[in-house]
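**Student:**
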Amino acid sequence: MVGLWVALALLAIVGSLMWLVPGPAERRRMAVRQAAIARGVRVRRLFAQDLPEGEGADGEVYYLYYRPVANELASRQRQAWPPVLEEKLQGQGRGWLEWGDGYAGVVWNEQPPVEAAVEAVCQQVLSLTPRPPAPPASHSCA
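Counted from 1, the sequence shown has number 14 at position 5 by the working numbering; the numbering is strictly sequential.
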């Protein structure tokens, strides 16, 4: 009877420890973030209050891959990410370019979490200007 109690206690301890260990998908995402940090890009998780209305409602998690820049923007500004980034992510990722007070970056849902994708995101972050580019002027034909 004592052996049964010892086995149950051991199973409870091992089960608790296994619950804390990240799974394979989370380990791949952690490797992606570490690769970005090694390239000089900062990474932070965005919470529901940081996302625009309608994003993240389905439980999708977004991360801001960014670099500090010298700007003083009163509010965050977003733009669709460029076709080159869409092509590199093979249409799988979701996100946008974002500028805020003191940063410029890419908001990304880390899909697909592979080395080629993080390379494309990091290149995009490092190429961003401190301020978002102005939209093209509309031409009127009179």
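We put the beta carbon where it would ideally sit given N, CA and C, even for glycine.
Would you check if the stretch 131 to 143 and the stretch 111 to 119 touch, i.e. whether three or more CB-CB distances between them fall below 8 Å?
**Tutor:** The stretch 111 to 119, when compared against the stretch 131 to 143, does touch it at the 8 Å Cβ threshold.
**Student:** Just confirm the distance between the C-beta atoms of ALA45 and LYS97, as a whole number of angstroms; I'd bet it's less than 8 Å.
**Tutor:** The pair is not a contact, with the Cβ atoms about 14 Å apart (cut-off 8 Å).
**Student:** Can you tell me the Cα-Cα spacing of ARG37 and VAL123, whole angstroms?
**Tutor:** Distance between the alpha carbons of ARG37 and VAL123: 7 Å.
**Student:** Tell me which residue opens and which closes the alpha helix (DSSP H) that GLU107 is part of.
**Tutor:** Taken as a continuous stretch (DSSP letters only), GLU107 belongs to no alpha helix (DSSP H), being part of the beta strand (DSSP E) at 104 to 109.
**Student:** If you scan the stretch 16 to 94 from start to end, which runs of the alpha helix (DSSP H) of 4 or more residues do you find wholly inside it?
**Tutor:** Runs found: 33 to 47.
**Student:** Of all the options TYR74, ASN118 and GLN43, which has the alpha carbon lying nearest to the alpha carbon of GLY68?
**Tutor:** It is ASN118 whose Cα lies nearest to the Cα of GLY68.
**Student:** How many angstroms separate the CA atom of GLN132 from the CA atom of LEU19?
**Tutor:** Roughly 48 Å separates the two Cα atoms.
**Student:** Looking at VAL134 and ARG54, is the spacing between their C-beta atoms short of 7 Å?
**Tutor:** No, these two residues do not count as a Cβ contact at 7 Å.
**Student:** Using only the alpha-carbon positions, how far apart do PRO61 and PRO91 sit?
**Tutor:** Taking the straight line joining both Cα atoms gives about 19 Å.
**Student:** DSSP three-state call for GLN133: helix, strand or coil?
**Tutor:** It is helical.
**Student:** For ALA113, does the three-state DSSP call read helix, strand or coil?
**Tutor:** Residue state, collapsed to three classes: strand.
**Student:** For ALA125, which of VAL41, LEU29 and TYR72 has the nearest alpha-carbon?
**Tutor:** Of the candidates VAL41, LEU29 and TYR72, the one whose C-alpha sits nearest the C-alpha of ALA125 is VAL41.
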